[in-house]
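Protein sequences appear in the order of chains A and B. Start counting the first sequence at 1; every next residue gets the next number (my numbering). Start counting the second sequence at 1; every next residue gets the next number (my numbering).
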Amino acid sequence: MGVPELEALFRAAGVRGRLFAADIDTGREVAYGADEPMPTASMFKVPLLVEFCRQADAGLLDPRIRVTVTAAERVSGPTGISSMLDDVTISLRDLAYLMIAVSDNTSADTLLARIGRDAINAMLDGFGLAGTRVVHSCRETNASMAEDAGHGWPFLDSEDLARLRVLDPARTNRSTPRELAGLLGLIWRDEAASAESCAWMRGVLNLQVWPHRLASGFPYDDVGVSGKTGTLPTLRSEAGVVEYPDGGRYAVAVSTRSFSSALNQPRADAVIGTAARMAVDHLRR
Amino acid sequence: MDLVRHLRYFTVVAEELHFGNAAIRLGMAQPPLSQRIKRLEEELGVRLFDRSSRQVRLTEAGRLLLGEAREIVARVDRLHELVRHGEGAVLKIGVPPDLAAAVIAGLVEGFRASDPEVRLAPAEIWTADQVGALAEGLIDVGVVRHPVSAPGLRFGQVLVQPQGVLLASGDPLAGSGEVHLADLAGRELLMPPREGEPGMHAEVLAECRRHGYVPAQVHEGAGLGLVLAGVAVAFGPRVEQPGLAWRPLLGSPLVCRVSTAWRTATAAVTGFSAVAVQTLKERAGMMDEGAAPVRRVSRRPGMLA
Chain A
1 MGVPELEALF RAAGVRGRLF AADIDTGREV AYGADEPMPT ASMFKVPLLV
51 EFCRQADAGL LDPRIRVTVT AAERVSGPTG ISSMLDDVTI SLRDLAYLMI
101 AVSDNTSADT LLARIGRDAI NAMLDGFGLA GTRVVHSCRE TNASMAEDAG
151 HGWPFLDSED LARLRVLDPA RTNRSTPREL AGLLGLIWRD EAASAESCAW
201 MRGVLNLQVW PHRLASGFPY DDVGVSGKTG TLPTLRSEAG VVEYPDGGRY
251 AVAVSTRSFS SALNQPRADA VIGTAARMAV DHLRR
Chain B
1 MDLVRHLRYF TVVAEELHFG NAAIRLGMAQ PPLSQRIKRL EEELGVRLFD
51 RSSRQVRLTE AGRLLLGEAR EIVARVDRLH ELVRHGEGAV LKIGVPPDLA
101 AAVIAGLVEG FRASDPEVRL APAEIWTADQ VGALAEGLID VGVVRHPVSA
151 PGLRFGQVLV QPQGVLLASG DPLAGSGEVH LADLAGRELL MPPREGEPGM
201 HAEVLAECRR HGYVPAQVHE GAGLGLVLAG VAVAFGPRVE QPGLAWRPLL
251 GSPLVCRVST AWRTATAAVT GFSAVAVQTL KERAGMMDEG AAPVRRVSRR
301 PGMLA
């Protein structure tokens, strides 16, 4: 696989793409714009998940403790508690599950308030992932978009899009494809937290419900796909791990920006899987 | 009376249902053949043929005895064969027609080195036909594909060969490193004849179905012409041939299992069996049968939602 092939693949899908893929056990890698900073969007929930586990491992919090999320505290979002109407009493670890499996914003902000951004960034520094930063909550991200555009969702005009701070990696939660895949590699190698916590994180990431991005590139019963998507206007990405029946496991992160601002772009979603498949296939040759 | 010789006459007449033709096959005149069949009928106390009409027919008793008679004749033939083997004659072997020429050459060469007294006579025969040929004593030992079973059949060490997919070099999948069975959707499949390889046929198609590939049509044949033409794909070991691309199958779902098979173990049969294991490992990329990989089905939330 060469750079031109990936380039053509992304172009045909109407996006500009960035990709990093690595064999989790050998370190062999495929990199294509892999060190370019990008907004993480909902993928910031992965470092939040890791720090949640580390604090639980350290005895700083009890993942089984129940909290009540009131209707008033709710952050807007299309899934999970964000879309519910009434107060919810739920354990911290089930909040973490909802935050990953269906990308629930309310669950994420509830946990973020307890875990703390500084703690997450310190953890990332400890792993040498200095290009990955968590600076905003979901509520702040939503608010900044409305503020920048001067109106609420959706954001379809190029003037609006140009003003959105959430699309500028310097001014929002950010990472690079290489660092996101690296963080997942730590989880899969039991290095991100205790072995028990890492196993739980892998299980939760495997329960993510979206089939249209990374998983679409591996439509096989005997190949496992786990991951976390990230979506903002024109931005579609996913970081995950693909596990082959022979034991091969590959951390992949793909980030795309579409040329069109249309919200429904199945080809832009699917190219994340297609490009990942091409990269993994290359790593296995 | 020489009962075995009379039974042999009986089986030939039963096959021809014509005394004249049977006599020609046996290289004798018709009157003595008729006489001998009569003597056999007297000996057994039953009529074997109904000669009342213009056509010769087997009686019910004749039909009952035919199978046994064949078995006795075949066993006596094998007895003679065994004696000849002891004198260092010919070892008749069967190999599947689609086994690569280099493998057959390797079998002959390897056996010659290990047992120069015995000449190897290979014949290309599919597995199902080898089982019949072994029973009739037409071959002494075969190289068969599993699963296969028949009463009285003994097998050598089973070797395995992971199968890849053969595609026309212009197929879009030829550009990928490995191919999943599900990727083959929409393509027709070329396989060895179902009659000749029934066990392998059933096993491969079942595995394809489980992995998401249901070929619209299954062609039968041993040549790769249909693959070259881009009409079908085929499974097999790596092949280097212009116009063809071979790719491994993701997850190694298909495995060809092969062993030698025989009914009567002689020194030559055992020797050949050992040579076959070595040759198939060295020249056909076959391996000792390990534990079958555990089939995994990944869990994706959408499957049950």
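Just so it is clear, CB atoms sit at the ideal spot from N, CA and C, and this is done for glycine as well. Just so we're clear, the structure is a prediction, and the values are computed from it rather than from any experiment.
Locate the beta strand (DSSP E) running through residue i, then write down its first and last residues.
{"i": "residue 188/A", "result": "Segment 177-188 is the alpha helix (DSSP H) holding residue 188/A; no beta strand (DSSP E) there."}
{"i": "residue 124/B", "result": "119-124"}
{"i": "residue 220/B", "result": "218-220"}
Since residue i is in the alpha helix (DSSP H), which residue starts that stretch and which ends it?
{"i": "residue 160/A", "result": "158-163"}
{"i": "residue 201/B", "result": "198-210"}
{"i": "residue 240/A", "result": "Counting along the chain, residue 240/A falls outside any alpha helix (DSSP H), though it belongs to the beta strand (DSSP E) covering 235-243."}
{"i": "residue 130/B", "result": "127-135"}
{"i": "residue 278/A", "result": "266-283"}
{"i": "residue 120/A", "result": "117-126"}
{"i": "residue 145/A", "result": "138-149"}
{"i": "residue 278/B", "result": "267-284"}
{"i": "residue 134/A", "result": "Neither: residue 134/A is in no alpha helix (DSSP H) and is coded neither H nor E."}
{"i": "residue 288/A", "result": "Residue numbering for chain A in the displayed model covers 1 to 285; residue 288/A lies beyond these limits and cannot be assessed."}
{"i": "residue 241/B", "result": "Looking at the DSSP string, residue 241/B is not in any alpha helix (DSSP H), and its letter there is neither H nor E."}
{"i": "residue 110/B", "result": "101-114"}
{"i": "residue 10/A", "result": "3-12"}
Can you give the Cα-Cα distance for residue i and residue j, rounded to whole angstroms?
{"i": "residue 248/A", "j": "residue 285/A", "result": "12 Å"}
{"i": "residue 179/A", "j": "residue 150/A", "result": "33 Å"}
{"i": "residue 245/A", "j": "residue 201/A", "result": "21 Å"}
{"i": "residue 29/B", "j": "residue 5/B", "result": "15 Å"}
{"i": "residue 35/A", "j": "residue 129/A", "result": "11 Å"}
{"i": "residue 27/A", "j": "residue 105/A", "result": "33 Å"}
{"i": "residue 225/A", "j": "residue 91/A", "result": "26 Å"}
{"i": "residue 51/A", "j": "residue 222/B", "result": "60 Å"}
{"i": "residue 176/B", "j": "residue 256/B", "result": "23 Å"}
{"i": "residue 142/B", "j": "residue 280/A", "result": "42 Å"}
{"i": "residue 258/B", "j": "residue 189/B", "result": "21 Å"}
{"i": "residue 161/B", "j": "residue 45/A", "result": "45 Å"}
{"i": "residue 193/B", "j": "residue 96/B", "result": "11 Å"}
{"i": "residue 62/A", "j": "residue 301/B", "result": "27 Å"}
{"i": "residue 245/B", "j": "residue 134/B", "result": "36 Å"}
{"i": "residue 168/B", "j": "residue 226/B", "result": "9 Å"}
{"i": "residue 169/A", "j": "residue 183/A", "result": "18 Å"}
{"i": "residue 141/A", "j": "residue 166/A", "result": "7 Å"}
{"i": "residue 261/A", "j": "residue 232/A", "result": "10 Å"}
{"i": "residue 173/B", "j": "residue 216/B", "result": "18 Å"}
{"i": "residue 238/A", "j": "residue 197/A", "result": "22 Å"}
{"i": "residue 241/B", "j": "residue 282/A", "result": "23 Å"}
{"i": "residue 42/A", "j": "residue 175/A", "result": "11 Å"}
{"i": "residue 254/A", "j": "residue 273/B", "result": "54 Å"}
{"i": "residue 90/B", "j": "residue 19/B", "result": "33 Å"}
{"i": "residue 9/A", "j": "residue 191/A", "result": "34 Å"}
From the DSSP output, read off the bridge partner residues of residue i.
{"i": "residue 22/A", "result": "29/A and 251/A"}
{"i": "residue 80/B", "result": "Bridge partners of residue 80/B: none, in fact."}
{"i": "residue 246/B", "result": "166/B"}
{"i": "residue 234/B", "result": "166/B and 190/B"}
{"i": "residue 262/B", "result": "141/B and 154/B"}
{"i": "residue 39/A", "result": "174/A"}
{"i": "residue 67/A", "result": "90/A"}
{"i": "residue 226/A", "result": "241/A"}
{"i": "residue 306/B", "result": "Nothing in the structure corresponds to residue 306/B, since chain B is present only between 1 and 305."}
{"i": "residue 256/A", "result": "17/A and 236/A"}
{"i": "residue 102/A", "result": "Note: residue 102/A sits in no beta bridge, so no partner."}
{"i": "residue 312/B", "result": "Residue coverage of chain B in this structure runs from 1 to 305, which leaves residue 312/B outside it and unanswerable."}
{"i": "residue 179/B", "result": "249/B"}
{"i": "residue 231/A", "result": "236/A"}
Run the proximity test for residue i: is its beta-carbon closer than 7 Å to any non-hydrogen atom belonging to the ligand NAP?
{"i": "residue 95/A", "result": "The ligand NAP is not among the ligands present in this structure, which contains no ligands whatsoever."}
- Message: Under 8 Å, CB to CB, which of the residues in the segment 237-255 of chain B have a partner in chain A?
- Response: So the close ones are 250, 251, 252 and 253.
- What are the residues of the segment 149-177 of chain B that lie near chain A, defined by any Cβ-Cβ distance shorter than 8 Å? When CB distances to chain A are screened at a threshold of 8 Å, the residues of the segment 149-177 of chain B falling below it are 176 and 177, in chain order.
- Only counting runs of 4 or more residues, tell me where the alpha helix (DSSP H) segments fall wholly within the segment 188-224 of chain A, in order along the chain. Listed in chain order, they are 195-206.
- Message: So if I threshold CB-CB distances at 8 Å, which residues from the segment 234-250 of chain A count as touching chain B?
- Response: Those residues of the segment 234-250 of chain A that come within reach of chain B (Cβ to Cβ, closer than 8 Å) are 243, 244, 245 and 246.
- Query: Which ranges would you report for the alpha helix (DSSP H) in the segment 22-90 of chain B if only whole runs of at least 4 residues count?
  - Reply: Runs of the alpha helix (DSSP H) inside the segment 22-90 of chain B: 30-44 and 60-86.
- Message: To be precise: take each residue of the segment 206-226 of chain A, compare its Cβ to all Cβ atoms of chain B, and keep it if any distance is under 9 Å. Which residues remain?
- Response: Listed by position along the chain: 206, 207, 208, 209, 210, 211, 215, 218, 219, 220, 221, 222, 223, 224 and 225.
- Report the residues of the segment 206-222 of chain B with a CB closer than 9 Å to any CB of chain A, ordered along the chain. Those residues of the segment 206-222 of chain B that come within reach of chain A (Cβ to Cβ, closer than 9 Å) are 210, 211 and 212.
- Item | Where the segment 181-194 of chain B meets chain A: residues whose CB sits under 9 Å from a CB there | Answer in chain order: 181, 182 and 183.
- Item | Interface residues of the segment 89-103 of chain A facing chain B [CB-CB below 8 Å] | Against chain B - using a Cβ distance shorter than 8 Å - the residues of the segment 89-103 of chain A are 101.
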